[in-house]
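Protein sequence lines, in the order shown, are assigned to chains A and B.
Numbered per the working numbering, the first sequence spans residues 4 to 160.
Numbered per the working numbering, the second sequence spans residues 5 to 126.
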Amino acid sequence: MINKTLQYDREREYRYWIIADTINALLLLLFVYTALSKLTRYKAFTVALEETPLIGRYASVIAWLLPVTEILIAVLLFFPRIRLIGLFTSFAALLAFTGYLIYMVVYIPHLPCNCGGVLNSLSWKQHIIFNVFFLLISAWGICISVGKRTSLKKKPP
Amino acid sequence: MKRYLLSIAAALVAIGTVAFNTPEKEYAMHVFEFDSSNPGGYSKANVENISKTYWKYVPGASLCGGSIKACRIQVSDAYVDNPLNPTALKSTFSITAQESSPGIAYVQSIPGTPTNQISNQP
Numbered sequence: 004m005i006n007k008t009l010q011y012d013r014e015r016e017y018r019y020w021i022i023a024d025t026i027n028a029l030l031l032l033l034f035v036y037t038a039l040s041k042l043t044r045y046k047a048f049t050v051a052l053e054e055t056p057l058i059g060r061y062a063s064v065i066a067w068l069l070p071v072t073e074i075l076i077a078v079l080l081f082f083p084r085i086r087l088i089g090l091f092t093s094f095a096a097l098l099a100f101t102g103y104l105i106y107m108v109v110y111i112p113h114l115p116c117n118c119g120g121v122l123n124s125l126s127w128k129q130h131i132i133f134n135v136f137f138l139l140i141s142a143w144g145i146c147i148s149v150g151k152r153t154s155l156k157k158k159p160p
Numbered sequence: 005m006k007r008y009l010l011s012i013a014a015a016l017v018a019i020g021t022v023a024f025n026t027p028e029k030e031y032a033m034h035v036f037e038f039d040s041s042n043p044g045g046y047s048k049a050n051v052e053n054i055s056k057t058y059w060k061y062v063p064g065a066s067l068c069g070g071s072i073k074a075c076r077i078q079v080s081d082a083y084v085d086n087p088l089n090p091t092a093l094k095s096t097f098s099i100t101a102q103e104s105s106p107g108i109a110y111v112q113s114i115p116g117t118p119t120n121q122i123s124n125q126p
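In structure tokens form, the structure reads like this:
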């Protein structure tokens with residue numbers, strides 16, 4: 004009976020690490036890729052930002068701030084000790100960006116091209132779906148990480 | 005160390021993907037400006053007309069910020085009549101315009117994006 008419980012615990016533990024690490028790796032891939040693409044195509048990205056309603060006037064600042072923030076989030080996600088902070092930060096960043104995209108699609112009649120964006124082949128609506136997917140993934144990551152921490156605290160010494 | 009493996013792999017994949025997607029060659033870019041002084045002004049037909057009567061070569065000009073009416077487009081060597089001394093857009097080039105209000109059109113799409121750039125004015 005004890006052996007079975009231990010085996011079950013080990014399997015659960017293993018499953019947790021697989022899911023948590025996969026979620027983490029996917030988010031890390033997203034943030035490193037988006038940050039590097041913006042930096043390598045800085046000029047095109049700045050021009051596209053200038054055309055974007057609401058944030059166009061801050062284009063030069065945002066063109067730096069955004070990739071730097073994304074790299075910081077990637078660093079937070081990389082180290083297991085601070086991973087939970089990284090998950091919360093990535094959730095907040097994705098939530099803000101998705102909110103902005105939804106606002107644009109709903110309220111701005113003439114959307115500029117996505118030419119300076121990272122995922123050039125995606126339309127604005129496809130971009131929202133893409134973001135929602137990663138938003139759900141980071142929410143899932145937060146849930147299981149918080150759940151794991153709570154269960155560790157509850158364990159008897 | 006095990007816990008870093010997937011993270012390291014993800015970071016490497018991201019770096020690799022960006023490296024392979026970045027164009028090796030920087031293309032020379034040329035800016036063309038829409039001339040609204042022609043009869044019809046910013047009409048859709050005018051904006052979509054790629055002749056040099058409507059789209060004038062303006063070397064070194066910066067792009068505009070807006071989305072209401074046509075302004076400037078930036079295209080690479082492959083889309084001009086003569087890359088060394090451009091005077092007009094290539095005859096095979098096409099511009100798709102959309103009306104933001106009756107008689108006022110903005111450039112909606114051009115071939116060759118994202119290397120080529122669209123800019124409209126407010």
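Each residue gets a CB set at the ideal place from its N, CA and C atoms; glycine is no exception.
Small disclaimer: the values here were computed from a predicted structure and weren't measured.
By a beta-carbon distance limit of 8 angstroms, Leu10 of chain B does not contact Ala142 of chain A. Their separation comes to about 19 angstroms. Nearest CB-CB separation between Ala101 of chain B and chain A: not below the 7 angstroms threshold. Selection B:Tyr8, B:Ala23 and B:His34 evaluated against Val84 of chain B yields B:His34 as nearest (Cα-Cα). Judged by DSSP secondary structure, Phe81 of chain A falls outside any beta strand (DSSP E) and instead within the alpha helix (DSSP H) spanning Ala62 to Phe81. In the structure shown, Leu93 of chain B adopts extended strand secondary structure according to DSSP, grouped into three states. Taking C-beta atoms as the reference points, Glu103 of chain B and Val62 of chain B fail to come closer than 7 angstroms.
Beta-carbon to beta-carbon, Ala32 of chain B and Ser98 of chain B are separated by about 21 angstroms, too far to satisfy the 8 angstroms threshold. For Val111 of chain B, the beta-bridge partners assigned by DSSP are B:Ala101. In this structure, Ala23 of chain A and Gly144 of chain A form a Cβ contact; the two beta carbons are roughly 7 angstroms apart against a cut-off of 8 angstroms. With a threshold of 7 angstroms between beta carbons, Asp24 of chain A makes contact with chain B. Among the CB atoms of chain B, none fall inside 7 angstroms of the CB of Ala66 of chain A. The beta carbon of Ala15 of chain B sits closer than 7 angstroms to some beta carbon of chain A. Residue pairing of Arg76 of chain B in beta bridges, as defined by DSSP: B:Glu37 and B:Ser123. Separation of the CB atoms of Phe34 of chain A and Ala77 of chain A is rounded to 4 angstroms, and the pair is thereby assigned contact status at 8 angstroms. Comparing alpha carbon positions, the residue from A:Leu97, A:Met107 and A:Val108 closest to Val135 of chain A is A:Leu97. When the alpha-carbon of Val108 of chain A is set against those of A:Ala95, A:Trp127 and A:Leu90, the nearest one is in A:Trp127.
Between the segment 44–64 of chain B and the segment 68–76 of chain A there are fewer than three inter-stretch CB-CB distances shorter than 8 angstroms, so the stretches are not counted as touching. In the three-state reduction of the DSSP assignment, Lys56 of chain B falls in the coil class.
CA-CA distance, Asn89 of chain B to Ala38 of chain A, rounds to 36 angstroms.
At a cut-off of 7 angstroms between C-beta atoms, Gly107 of chain B does not count as an interface residue with respect to chain A. Taking a C-beta cut-off of 9 angstroms against chain A, the contacting residues of the segment 70–94 of chain B are Gly70, Ser71, Ile72 and Gln78, listed in chain order. Secondary structure note for Arg86 of chain A: its alpha helix (DSSP H) is the uninterrupted segment Arg86 to Tyr110. Ranking B:Ser55, B:Thr119 and B:Pro43 by CA distance to the CA of Asn25 of chain B puts B:Thr119 first. For Gln112 of chain B against Thr100 of chain B, the beta-carbon gap comes to about 5 angstroms, under 8 angstroms, which counts as contact. For Val35 of chain A, DSSP records no beta bridge to any residue. DSSP places Tyr61 of chain B in the strand class (E or B) of the three-state scheme.
Within the same chain, Cβ atoms closer than 8 angstroms to the Cβ of Glu73 of chain A are found at Phe34, Val35, Thr37, Ala38, Lys41 and Ala96, the five residues on either side in sequence being excluded.
About 14 angstroms separates the Cβ atoms of Leu90 of chain A and Ala14 of chain B, ruling out a contact at the 8 angstroms cut-off. Taking the Cα positions, Leu79 of chain A is about 8 angstroms away from Leu87 of chain A.
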